[in-house]
Amino acid sequence: MSIADQVKKYVREHVSEKQIVDVRMGLGYTGVCLEDGRCGVAFTFKEGLYHGCSVFTGKRPLKGKSSHELVEYFGSPSLLESSLGLSTINALVNDVSAQQAGGDILNMLQLAQQDRVGMVGYFGPLVNPIRKCVRELVIFEIDEDREAGVLPAERAYEELPRCDIAVITSTSLINGTADELIDAARNCREVVLLGASTPFISEIFQPLSVTFLSGVIVVDIASVMQTISEGGGMAYFGAAVRKNTLRLNP
Numbered sequence: 031m032s033i034a035d036q037v038k039k040y041v042r043e044h045v046s047e048k049q050i051v052d053v054r055m056g057l058g059y060t061g062v063c064l065e066d067g068r069c070g071v072a073f074t075f076k077e078g079l080y081h082g083c084s085v086f087t088g089k090r091p092l093k094g095k096s097s098h099e100l101v102e103y104f105g106s107p108s109l110l111e112s113s114l115g116l117s118t119i120n121a122l123v124n125d126v127s128a129q130q131a132g133g134d135i136l137n138m139l140q141l142a143q144q145d146r147v148g149m150v151g152y153f154g155p156l157v158n159p160i161r162k163c164v165r166e167l168v169i170f171e172i173d174e175d176r177e178a179g180v181l182p183a184e185r186a187y188e189e190l191p192r193c194d195i196a197v198i199t200s201t202s203l204i205n206g207t208a209d210e211l212i213d214a215a216r217n218c219r220e221v222v223l224l225g226a227s228t229p230f231i232s233e234i235f236q237p238l239s240v241t242f243l244s245g246v247i248v249v250d251i252a253s254v255m256q257t258i259s260e261g262g263g264m265a266y267f268g269a270a271v272r273k274n275t276l277r278l279n280p
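So this is what it looks like as structure tokens:
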């Protein structure tokens, strides 16, 4: 069973349904708000969008629907639909009352000088701090123009087994590449699923050898939804989200 299918099954069986009160499909992120005041976000892939005046072709209106109806979009071949599904999941499970370790992943990840770190997705603020602490940082990215020396994303599958630590973007959940990436990193000492799209469901990811879930909890819904509507993303969320890192038992 794919990760997407496992996550949807978990939500159906363990999370109460809520009514959708707002949805924003921005150019950078997608956001979903629930009737109980919770909100979740996920990255919006711009590649492969429908080339017409309506880029979302699912059933409308979304407002007023059951959360579990939108959850089923997660894992869709349409990446916009998949983002919508994951945003809804994150609204349901990334709760301020959930078990939390808190803070930035760099404050919790124990790096050693002999470590080789594989980073899937370019996390700019982490690049130099990690490089200063380890033997080698190898970055895999769809956009190879990000920085000299960045390797094509598909190289991650062959290189991660030779890494001590894997830092994997949670956007890989949206496009379905997370399954193979996490499997390729299964022998790494630490496997981090990182980014604002990360769902805090330890029951799914701990058996897959993921050791950290690092994402965000929305604390200022109005600010986050406005940022999404204006084409902004993580760099502009600021204090409207709180970084949260959950350590999973090895």
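Residue numbers (my numbering): 31 to 280.
Even glycine gets a Cβ: it sits at the ideal position worked out from N, Cα and C.
Look at the alpha carbon of residue 133 and the alpha carbon of residue 160, and state the distance between them as a whole number of angstroms. 17 Å
Going by DSSP, what residue range makes up the beta strand (DSSP E) through residue 220? 220-224
Rounded to whole angstroms, what's the CA-CA distance from residue 92 to residue 54? Just pull it up for me. 10 Å
With 16 other Cβ atoms within 10 Å as the buried cut-off, status of residue 31: Residue environment for residue 31: exposed (fewer than 16 other C-beta atoms within 10 angstroms of its C-beta).
Would you report the Cα separation of residue 33 and residue 209, rounded to the nearest angstrom? The alpha-carbon of residue 33 is positioned some 6 Å away from that of residue 209.
Less than 8 Å between the beta carbons of residue 248 and residue 69, yes or no? yes
Sort 99, 122, 87, 85 by Cα distance to residue 44 and report the nearest one. 122
Measuring CB atoms only, is the region 147-154 touching the region 236-256, in the sense that at least three cross pairs come out at less than 8 Å? no
Is the beta carbon of residue 225 sitting closer than 8 Å to the one on residue 199? yes
Are the beta-carbon atoms belonging to residue 268 and residue 57 less than 8 Å from one another? Not a contact, by the Cβ cut-off of 8 Å.
Do you know offhand how far residue 137's Cα is from residue 235's? Each residue's alpha carbon lies about 21 Å from the other.
Reduced DSSP secondary structure (H/G/I, E/B, other) of residue 180: coil
Run through the DSSP bridge pairs and tell me what residue 49 is partnered with. 96
With a Cβ-Cβ cutoff of 8 Å, do residue 109 and residue 217 count as a contact? Residue 109 is not a Cβ neighbour of residue 217, given a cutoff of 8 Å.
Excluding the five sequence neighbours on either side, which residues of its own chain have a C-beta within less than 8 Å of the C-beta of residue 101, listed in chain order? 38, 41, 42, 115, 118, 119, 122
Which full runs of the beta strand (DSSP E) of 3+ residues lie inside the region 148-208, going along the chain? 166-171, 195-199
Just how far apart, CA to CA, sit residue 87 and residue 257? 23 Å
Please state whether the Cβ-Cβ distance between residue 141 and residue 168 is less than 8 Å. no
Check this for me: beta carbons of residue 113 and residue 73, under 8 Å apart or not? yes
Look at the alpha carbon of residue 290 and the alpha carbon of residue 63, and state the distance between them as a whole number of angstroms. Examination of residue 290 is not possible in this model, given that the chain is present from 31 through 280 alone.
Closer than 6 Å by C-beta to residue 67: which residues in its own chain qualify, once you throw out the five before and the five after it? Chain order, please. none
Can you list, in chain order, the residues of its chain with a C-beta nearer than 6 Å to that of residue 220? Leave out the 5 residues immediately preceding and following it. 195, 241
Rounded Cβ spacing between residue 203 and residue 227 (contact assumed at less than 8 Å): 6 Å
Would you report the Cα separation of residue 230 and residue 35, rounded to the nearest angstrom? 16 Å
Using only CA atoms, which one of 59, 60, 65 lies nearest to residue 49? 65
Roughly how far, in whole angstroms, is the beta-carbon of residue 186 from the beta-carbon of residue 172, given that I think they are within contact range, below 8 Å? Residue 186 to residue 172, Cβ: 11 Å. No contact.
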